[in-house]
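All residue numbers for the first sequence refer to this note's numbering, where the first residue is 1 and numbers rise by one. Structure record follows, encoded as structure tokens.
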Amino acid sequence: MLSPSPPSDAAGASKTKTILNLLQGCNSLKKLHKIHACVIIAGLQNHRAISTKLLNFCAVSVSGCLVHAQLLFRQIHNPKTDDWNSIIRGFSRSSSPLQSVFFYNEMVSVAAGCRPDTYTFSFVLRACERVPLAESKRKEVHGAIIRSGYDRDVVVCTNLIRSYAGNGEIETARKVFVEMPLRDLLSWNSMISCYSQAGFHHEALRTYDLMRIANVGLDGFTLVGLLSSCAHVGALNLGVELHRMASEKGLLKNVYVGNALIDMYAKCGNLNAALSVFDGMQKRDIFTWNSMVVGYGVHGRGDEAIEFFRQMLLAGVQPNSITFLGLLSGCSHQGLVEEGVKYFNLMTSNYNMEPGIKHHGCLVDLFGRAGKLKRALEVINTCRSQKDPVLWRTLLGSCKIHKNVQIGEIAMRNLVQLGASNAGDCVLLATIYGEVNNADGVATMRKMIKSQGIKTTPGWSWIEIGDQVHKFIVDDKSRPDTNEIYLKLRQVIHEVALLGYVEEDSMSFTSVEGFSDQGCCRIGSYHSEKLAIAFGISRTPQGTCLRIVKNLRVCRDCHSFTKFVSKAFNREIVVRDRVRFHHFKDGLCSCKDYW
DNA sequence: ATAGGGTTAG
């Protein structure tokens with residue numbers, strides 16, 4: 001099909017030039033409509049450069065319009081790669097990315113005389129990233145990329161990495177990364193942030209080691225991904241090093257970097273450093289404030305979390321649901337019951353926010369921790385998400401703190417009814433029974449555990465020594481220096497025993513084989529944090545603070561052990577468990593034995 | 001002419 005040829009006289013050429021200039025300076029849809037009208041009046045709608053430019057503007061510009069773009073596209077006879085790219089790109093970031101994939105399909109199957117280029121692939125990959133269940137399409141596009149030789153293109157590969165990683169195929173993403181012939185700063189950054197976002201924090205940090213060897217430098221994006229991973233694994237030493245580099249490179253005024261630093265310091269247990277970064281920030285956004293509120297909250301410093309909340313409002317920043325989670329957890333850990341209730345109610349009354357399941361969980365915890373178990377029960381019974389096992393489990397935990405058999409049994413019954421009871425719940429209730437010397441109850445729980453089969457979350461702890469993070473599991477024997485660590489641990493136990501530490505045996509009823517969930521132990525077994533502490537003491541100079549991250553809650557025996565160690569060895573020990581921080585010093589813990 | 005990247009909770 002032949003398109004009518006554009007006017008070729010001098011007047012026509014001048015009109016064409018004028019319209020192209022107008023398009024160049026076009027910055028709104030309204031102006032675009034005017035220009036489009038001029039194009040039609042001048043009979044230039046089939047002029048190649050003009051129609052391509054018009055289409056591109058409509059499809060890609062912020063003030064464009066995809067419906068309009070689609071109409072323009074359909075008017076183009078025999079569209080070229082540029083035109084396809086515009087329409088594929090436009091839809092790839094729209095609310096209907098699937099359209100983008102459809103246009104790509106059409107392009108490769110029916111379009112004559114033009115082929116996808118590196119841009120086309122980048123756009124369609126972006127679209128695939130946002131279309132659910134697009135795995136096979138992504139694979140197909142990947143195949144086409146390889147066949148056309150564009151698997152050597154650094155941008156296309158970076159898009160592939162993001163597209164795979166964003167849909168859980170982190171291993172394939174890694175493979176693309178490793179096999180691409182050239183990696184620039186952006187590809188390294190993408191790989192690191194993909195790992196970090198997917199929860200592969202050690203891999204993220206390891207990638208940074210390789211990045212240093214590759215000598216590509218780093219920027220704010222690198223730092224943000226790495227700091228987030230440092231925060232998750234508690235790698236404070238590396239975090240401090242990254243802080244130093246940020247300041248050297250003048251990146252501290254970057255609000256993303258500042259926010260990531262605050263979060264890293266707070267999650268590594270160093271609130272003073274978090275505060276000093278906060279104070280030095282020129283610009284603060286919702287992330288900045290939330291990081292402070294949540295940071296103080298999880299450390300059990302509710303009144304300071306509240307103070308940050310007040311300052312945040314004064315600074316004119318609107319709180320969001322995360323802000324309230326921080327406030328509520330702070331109130332809960334500090335026993336500020338009425339304040340907590342006040343902020344919970346404030347969500348709906350002042351901010352028109354519907355409290356989510358997590359907020360209800362905080363409220364249950366707030367009452368339960370404070371011993372107001374009936375009110376906690378009421379919360380669950382009156383909230384719409386009473387089918388959620390997490391709420392009942394929270395209540396059961398509170399019953400353990402307050403040795404309340406009656407409500408503990410109610411919580412357990414509900415967990416069983418929901419088909420959600422697990423070994424950890426049985427241990428919690430068994431502990432309560434054990435503490436009130438109810439042997440029958442303990443026996444029942446033991447039977448239940450046996451009949452259900454035990455599914456436990458294996459416990460692990462991380463400790464950072466120098467620039468390395470070391471991981472330990474229960475009774476870990478996997479390391480080459482295992483003998484040395486166990487020897488040290490026995491020495492440490494001996495020393496703290498002299499100060500009065502007694503290994504807890506009140507939990508002997510949990511001596512079911514394989515039992516380790518929720519920190520309840522087999523007799524003669526060593527929890528991961530004990531191993532990590534012994535390792536830390538043997539590998540760091542006198543007086544160095546030990547920082548440990550644990551995936552489960554600290555058990556009572558380990559909690560008591562750590563208190564004694566902090567005194568006997570004159571060490572500050574910061575343990576971040578699944579729920580909160582414990583700062584051990586001089587034989588005492590910041591949680592006041594209340595967790 | 002048109003491309004690829006970031007933080008909080010869970």
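Yeah, the Cβ is synthetic: ideal placement off N, Cα and C, and Gly gets one too.
Between the segment 256-264 and the segment 287-297 there are three or more C-beta pairs closer than 8 Å, enough to call the two in contact.
Ranking Gly356, Ala173, Phe103 by CA distance to the CA of Cys157 puts Ala173 first. Burial state of Leu418 is exposed, judged by a 10 Å Cβ sphere holding fewer than 16 other Cβ atoms. In the assembly as shown, Tyr433 is a buried residue. Its beta-carbon has 16 or more other beta-carbons within 10 Å. For Glu464, the uninterrupted beta strand (DSSP E) run begins and ends at 460-465, by DSSP.
Checking the DSSP bridge columns, you'll see Val575 partnered with Ile548, His582.
Burial check for Glu484: the Cβ neighbour count within 10 Å stays below 16, so the residue is exposed. Lys471 has Trp462 as its beta-bridge partners, per DSSP. Asn551 sits close to Thr457, with the two beta carbons spaced by under 9 Å. Residue pairing by DSSP puts Cys589 in a beta bridge opposite Phe584. As summarised for the segment 216-283, the continuous alpha helix (DSSP H) elements at least 4 residues long and confined to that stretch are 220-233, 236-248, 255-267, 271-280, given in chain order. His47 and Arg74 have their alpha carbons spaced roughly 14 Å apart. Rounded to whole angstroms, Ala273 and Asp279 show a C-alpha spacing of 10 Å. Here Thr562 is buried: its Cβ has 16 or more other Cβ atoms, across all protein chains shown, within 10 Å. The C-beta separation of Gln282 from Lys253 comes to about 5 Å, placing the pair in contact by the 8 Å criterion. Annotated as distal: Asp557 and Glu495, with beta-carbon spacing of 9 Å or more.
Excluding five sequence positions before and after Asp476, the CB atoms of its chain that fall closer than 7 Å to its own CB belong to Ser528, Leu531, given in chain order.
In the DSSP assignment, Phe535 falls within the alpha helix (DSSP H) that extends over 528-539.
Judged by DSSP secondary structure, Val442 falls within the alpha helix (DSSP H) whose first and last residues are 439-452. Around the C-beta of Glu354, fewer than 16 other C-beta atoms lie within 10 Å, and the residue is accordingly described as exposed. A Cβ-Cβ contact shorter than 9 Å links Gly536 with Ile463.
For Tyr195, the enclosing alpha helix (DSSP H) has its first and last residue at 185-197.
Taking a contact as a CB-CB distance under 8 Å, the pair His333 and Gly371 does not count as one, their CB atoms being some 14 Å apart. Judged by DSSP in its simplified three-state form, Ala214 adopts helix.
Shown here, Cys383 sits in coil according to DSSP, grouped into three states, outside any helix or strand. Only buried fits Ala231, as 16 or more other CB atoms lie within 10 angstroms of its CB.
For Lys342, the enclosing alpha helix (DSSP H) has its first and last residue at 337-351. Taking a C-beta distance under 9 Å as the contact criterion, Val141 and Leu125 qualify as a contact pair. Restricting attention to alpha helix (DSSP H) runs no shorter than 4 residues, the segment 32-82 encloses them at 48-60, 66-75, ordered along the chain. Of the residues Ala37, Arg93, Ala42, Lys31, the one whose Cα lies closest to the Cα of Ala59 is Arg93. The criterion of a C-beta distance shorter than 9 Å is satisfied by Leu185 and Val216. Leaving aside the five residues that flank Ile322 on each side, the residues in its chain whose CB is nearer than 6 Å to its CB run, in chain order, Asn290.
Take the alpha-carbon of Cys399 and the one of Asn105: they are about 59 Å apart. Annotated as proximal: Met191 and Ile161, with beta-carbon spacing under 9 Å. With respect to Leu377, Ile357 sits apart: the two C-beta atoms are not nearer than 9 Å.
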